[in-house]
Amino acid sequence: MPAPGRPRGLAFRGPADLAATRRMIERIREVYELYGFEALETPFVEYTETLGKFLPDLDRPNEGVFSFPDDDEQWLSLRYDLTAPLARHVAARLDEQSLTLPYRSYRAGWVFRNEKPGPGRFRQFMQFDADTVGAASVAADAEICMMAADTLEAVGIPRGRYVVKVNNRKILDGVMEAIGLGGEDNAARRLTVLRAIDKLDRLGPEGVRQLLGEGRKDESGDVTKGANLPAGQIDRIIRYTEVNPPGRLTEDRGGHKTFTADNLAVADQLLDEFGESELAAQGIEELRSIAKLTKAAGYEDHVIRIDPSVVRGLEYYTGPVYEAELILQTTNDQGQPVRFGSVAGGGRYDGLVGRFRPEAVPATGFSIGVSRLLSALEAIGSPIVAGDEEPGPVVVMVMDRERVADYQRMVAGLRRAGIRSELYLGSAGMKPQMKYADRRRAPCVVIQGSNEKADGTVQVKDLRAGAEQARQETAASNAAYRAARFAQVTIPEGQLVDAVREILARTAD
RNA sequence: GCCGCCAUAGCUCAGUUGGUUAGAGCACCAGAUUGUGGAUCUGGGGGUCCCCCGUUCGAGCCGGGGUGGCGGUACCA
């Protein structure tokens with residue numbers, strides 16, 4: 017007999033979770049549509065080759081991807097994101113000349129990664145992406161940032177409680193150049209440095225300094241090797257990340273907290289310190305344009321904010337990169353503070369479609385981590401996901417096993433009236449049926465035993481009101497409790513639908 | 001991947017230097033109540049003590065290996 021085991025990192029989702037996800041996705045979709053993006057679905061499975069090897073860790077190619085050979089011995093893989101399949105799809109459509117650029121597309125779907133799962137981290141999870149392909153202008157990047165902001169607000173996160181952080185890979189590359197880490201020889205070291213910068217949020221400047229130097233020991237005593245840079249270079253990198261200190265909050269008199277930000281001042285300072293690199297200067301200019309565009313459209317500097325510490329992955333981004341983060345102070349079950357990482361991120365990837373084409377095809381886009389955003393919404397009590405669990409169906413009880421046809425007729429009548437209802441399909445007696453209805457969150461039960469049948473009546477019991485009355489009568493004896501038949505009425509069978517409707521109307525409050 | 005901690009009933013956990021038949025609370029089921037979800041009382045069902053190997057007269061407890069979970073770290077397309 018096999019054990020009904022579930023592979024780790026693969027979750028099941030119940031009705032409440034599914035309903036919340038559905039509502040959230042619908043809000044996101046509305047925003048994407050409003051911006052003129054159109055729906056697209058691509059397959060879950062692609063040729064391994066077309067997904068590409070954008071693994072920064074070249075020692076472990078294909079690790080993290082579920083792969084298997086097709087019957088023609090070509091390797092197939094489950095998609096690990098929605099961007100690589102989009103690039104392939106766009107290239108194919110361009111080949112057959114059936115696509116007009118710029119192309120705005122959005123896609124929601126499951127993606128798969130074969131790696132160690134953790135809390136909130138699964139081997140199958142959902143992303144919701146939007147991408148503009150064929151637009152080289154930073155206006156496309158600015159638009160993505162604004163849409164990210166609008167999306168977060170549409171799902172119930174107020175302005176000021178999130179920030180869309182923007183940086184540019186050209187600046188990072190330029191800074192590496194400026195401090196003498198350019199060239200092929202330093203590629204490995206640059207990688208280590210970028211990864212260290214990416215950890216600024218979590219480890220703080222001291223931790224980053226250790227990673228840039230000799231290395232860092234974590235709380236378990238394990239050691240992460242450092243980049244072994246000389247002190248002068250380390251100082252310069254730290255100074256770079258602190259051009260706009262991340263996480264700095266100001267609190268107004270009402271206790272409301274916001275990030276301070278002045279995007280153009282940040283750009284000026286970056287140019288001042290690293291403008292010697294032509295690449296950095298170009299990247300800074302792009303950020304300046306994005307800042308002007310978003311500001312002109314009404315997004316303040318603390319909503320879409322230049323943050324030099326944003327790195328975002330390591331491989332295919334070529335220009336502006338973005339990351340949406342929630343500014344939340346929440347605690348877990350043990351009362352410890354929880355930090356939410358980014359709930360969405362993206363950037364410009366001008367080389368990805370070009371893998372399949374003779375010409376370069378610029379593209380930019382971003383991706384929302386659906387379940388991560390969902391748990392963030394739960395943490396802040398967003399109305400989209402909060403609220404009572406949905407009530408269950410009306411339960412018609414089986415009092416007399418020979419008369420199932422009668423009960424089925426009552427259920428059919430309720431359903432024809434648009435009332436969610438069900439016949440009790442188990443084999444237990446009346447008391448378990450009551451318990452069953454209770455656990456189904458049924459608003460009421462319908463009872464017709466032989467007595468009622470003889471009178472042509474049915475009894476309808478309002479379970480919510482009944483529970484309320486029972487709570488107030490705790491002193492009464494059990495016999496009295498049962499005899500009272502709280503919140504239970506006898507009505508002619510013909511009035512069943514009306515009586516149930518009345519209870520549903522009460523329950524809806 | 002690496003480092004650390006943990007694993008006993010459906011859940012949360014006790015379990016003495018290794019020693020009878022492994023317990024509690026909650027949950028579940030039944031009866032008190034021949035037709036009523038709560039509360040109360042009474043009773044009941046539930047255990048591969050994560051798995052395998054070893055040490056021992058004897059292992060839930062000690063040792064080794066494995067699996068799973070949690071925390072950190074790495075990676076995160």
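Numbering (the working numbering), first residue to last: 17 to 525.
Just so it is clear, CB atoms sit at the ideal spot from N, CA and C, and this is done for glycine as well.
Note that the coordinates shown come from a computational prediction; the quantities given were computed from them, not determined experimentally.
Open item on the list: So, with DSSP's three-state summary, where would you put Gly363?
Closed with: Position 347 of the first sequence, counted from the start, is the residue given in the question as residue 363. Reduced to three states, the DSSP call for Gly363 is strand.
Open item on the list: Restricting to Cα atoms, I'd like to know which of Lys181, Gly30 and Asn244 is closest to Arg205.
Closed with: Indexing the first sequence from 1 puts residue 205 at position 189. Out of Lys181, Gly30 and Asn244, Asn244 has the C-alpha closest to the C-alpha of Arg205.
TODO: Pull up the DSSP beta-bridge partners for Gln143, would you.
DONE: The count along the first sequence starts at 1 and reaches residue 143 at position 127. DSSP, once it has assigned bridges, lists Gly125 and Gly385 as partnering Gln143.
Open item on the list: Using only the alpha-carbon positions, how far apart do Pro353 and Arg95 sit?
Closed with: Stepping through the first sequence from its first residue, residue 353 is reached at position 337. Stepping through the first sequence from its first residue, residue 95 is reached at position 79. Residue placement at Pro353 cannot be trusted, given a pLDDT of 48 that sits under 50; what the coordinates show is reported in the next sentence. Computed Cα separation, rounded: 34 Å.
Open item on the list: The alpha helix (DSSP H) that contains Lys447, what's its start and end?
Closed with: To locate residue 447, count along the first sequence from 1; it is residue 431. Lys447 -> alpha helix (DSSP H) spans Met446 to Arg455.
Task: C-beta contact flag for Gly68 and Ala100 at 9 Å - done: Stepping through the first sequence from its first residue, residue 68 is reached at position 52. Stepping through the first sequence from its first residue, residue 100 is reached at position 84. The answer is yes: Cβ separation under 9 Å.
Open item on the list: I need the straight-line Cα distance from Gly340 to Gly329, nearest angstrom please.
Closed with: In the first sequence, counting from the first residue as 1, residue 340 sits at position 324. In the first sequence, counting from the first residue as 1, residue 329 sits at position 313. What sits at residue 340 in the sequence shown is Ala, not Gly. So the alpha carbons of these two residues sit roughly 14 Å apart.
Task: Same chain, Cβ closer than 8 Å to Gly367, neighbours up to 5 away in sequence not counted - done: In the first sequence, counting from the first residue as 1, residue 367 sits at position 351. Only Tyr332, Thr334 and Ala376 meet the Cβ criterion.
- [ ] Output yes or no for whether 9 Å exceeds the beta carbon distance between Pro459 and Thr523.
- [x] One-based indexing of the first sequence puts residue 459 at position 443. One-based indexing of the first sequence puts residue 523 at position 507. A contact, by the Cβ cut-off of 9 Å.
TODO: Please classify Arg29: is it buried, with 16 or more other beta-carbons within 10 angstroms of its beta-carbon, or exposed?
DONE: Here the question's residue 29 lines up with position 13 in the first sequence. That one is exposed.
Task: CB contact flag (Ala277, Arg304, <9 Å) - done: Counted from its first residue, the first sequence places residue 277 at position 261. Counted from its first residue, the first sequence places residue 304 at position 288. Cβ atoms of Ala277 and Arg304: not closer than 9 Å.
Open item on the list: Residues in the same chain with beta-carbon distance under 7 Å from Leu98, minus the five sequence neighbours each way, listed in chain order, please.
Closed with: Residue numbering aside, residue 98 sits at position 82 when the first sequence is read from its first letter. The residues are Arg123, Gly125, Val127, Gln143, Asp145 and Ser383.
Open item on the list: Is it the case that the segment 417 to 425 contacts the segment 390 to 400, given that we only count it when at least three CB pairs across the two stretches are under 8 Å?
Closed with: no
Open item on the list: Given a cut-off of 9 Å on the beta-carbon distance, is the pair Pro475 and Phe502 in contact?
Closed with: Working through the first sequence from its first residue, we reach residue 475 at position 459. Working through the first sequence from its first residue, we reach residue 502 at position 486. Here the sequence assigns Gln to residue 475, which means Pro is not the residue at that position. No, the pair does not count as a contact, with Cβ atoms beyond the cut-off.
Open item on the list: Given a cut-off of 9 Å on the beta-carbon distance, is the pair Ala170 and Ile44 in contact?
Closed with: In the first sequence, counting from the first residue as 1, residue 170 sits at position 154. In the first sequence, counting from the first residue as 1, residue 44 sits at position 28. Yes, the pair counts as a contact, with Cβ atoms nearer than the cut-off.
Task: Cutoff 7 Å; reference Asp189; Cβ partners in own chain excluding five residues on either side - done: The residue you call residue 189 lines up with position 173 of the first sequence. So the qualifying residues of the chain are Leu295.
- [ ] Using three-state DSSP, classify Gly229 as helix, strand or coil.
- [x] On the first sequence, position 213 is the one that residue 229 refers to. The answer is coil: DSSP assigns Gly229 none of H, G, I, E or B.
Task: Residues sharing a beta bridge with Pro508, DSSP - done: As a first step, residue 508 must be located in the first sequence, where it is residue number 492. Pro508 pairs with Thr473.
- [ ] Leaving out five residues on either side along the sequence, give the residues of the same chain with a beta carbon under 8 Å from the beta carbon of Lys215.
- [x] Mapped onto the first sequence, residue 215 falls at position 199. Once the five neighbours on either side are set aside, the close Cβ partners of Lys215 are Gly223, Val224 and Leu227.
Open item on the list: Let's test the definition: count the other Cβ atoms within 10 Å of the Cβ of Ala496 and tell me whether it reaches 16, buried, or not, exposed.
Closed with: Here residue 496 refers to the residue found at position 480 of the first sequence. The residue in question, Ala496, is exposed, as its Cβ has fewer than 16 Cβ neighbours within 10 Å.
Task: Cβ-based neighbour list, Thr64, same chain, cut-off 6 Å, excluding 5 preceding and 5 following - done: By one-based count along the first sequence, residue 64 stands at place 48. Same-chain partners within the cutoff: Ser83, Trp91 and Ser93.
Open item on the list: Buried or exposed for Asn260, going by 16 or more other Cβ atoms inside 10 Å?
Closed with: On the first sequence, residue 260 is found 244 positions in, with the first residue counted as 1. Answer is buried; the Cβ neighbour count reaches 16.
TODO: Check Asp422 in the structure and name its three-state DSSP category.
DONE: Position 406 of the first sequence holds residue 422. Helix at Asp422.
Open item on the list: Check this for me: beta carbons of Val414 and Glu438, under 9 Å apart or not?
Closed with: What you label residue 414 is simply residue 398 of the first sequence in a count that begins at 1. What you label residue 438 is simply residue 422 of the first sequence in a count that begins at 1. Cβ distance not < 9 Å, so Val414 and Glu438 don't count as in contact.
Open item on the list: According to DSSP, is Val516 part of a helix, a strand, or is it coil?
Closed with: As a first step, residue 516 is located in the first sequence; it is residue number 500 there, counting from the start. Residue state, collapsed to three classes: helix.
TODO: Out of Val182, Ser236 and Lys241, point me to the one whose CA is closest to Glu535's CA.
DONE: Outside the shown range of the chain, which is 17 to 525, sits residue 535, and nothing can be said about it.
- [ ] Look at the Cβ atom of Arg175, then the Cβ atom of Val319, and state whether they are nearer than 9 Å.
- [x] Stepping through the first sequence from its first residue, residue 175 is reached at position 159. Stepping through the first sequence from its first residue, residue 319 is reached at position 303. Their beta carbons are under 9 Å apart, which means Arg175 touches Val319 by this criterion.
Task: Distance, Ala500 Cα to Arg480 Cα - done: Locating residue 480 in the first sequence gives position 464, counting from the first residue. Locating residue 500 in the first sequence gives position 484, counting from the first residue. Arg480 and Ala500: Cα-Cα distance of roughly 15 Å.
Task: Sequence-distant residues of the same chain with beta carbon closer than 7 Å to Ala152, five excluded per side - done: In the first sequence, residue 152 corresponds to position 136, counting from 1. Counting only Cβ-Cβ distances below 7 Å, and skipping sequence neighbours, we find Pro378.
Open item on the list: Output needed for Ala158: all residues of its chain with C-beta closer than 7 Å, excluding positions within five of it in sequence on either side, in chain order.
Closed with: Walking along the first sequence from the start, residue 158 turns up at place 142. Hits under 7 Å: Ile306, Leu309 and Thr310.
Task: Cβ pair Val462, Val386 closer than 9 Å - done: Position 446 of the first sequence holds residue 462. Position 370 of the first sequence holds residue 386. No, the Cβ-Cβ distance between Val462 and Val386 is not below 9 Å.
Task: Cα-Cα separation between Ala247 and Ala27, rounded to whole angstroms - done: Residue mapping note: residue 247 aligns to position 231 of the first sequence, counting from 1. Residue mapping note: residue 27 aligns to position 11 of the first sequence, counting from 1. Cα to Cα, Ala247 sits roughly 47 Å from Ala27.
Open item on the list: The beta strand (DSSP E) that contains Glu62, what's its start and end?
Closed with: Looking up residue 62 in the first sequence gives position 46. Start and end: Val61 to Tyr63.
TODO: Give the range of the alpha helix (DSSP H) segment to which Ala35 is assigned.
DONE: As a position in the first sequence, residue 35 is number 19, starting the count at 1. First-last of the alpha helix (DSSP H) with Ala35: Pro31 to Leu50.
Open item on the list: Quick check on Leu439: does DSSP put it in helix, strand or coil?
Closed with: As a first step, residue 439 must be located in the first sequence, where it is residue number 423. Of the three classes helix, strand and coil, the one that applies to Leu439 here is strand, per DSSP.
Task: Identity of the residue in Thr37, Arg120, Asp88 and Leu342 nearest Glu526 by Cα - done: Nothing can be reported for residue 526: it is not among the residues displayed for the chain, which extend from 17 to 525.
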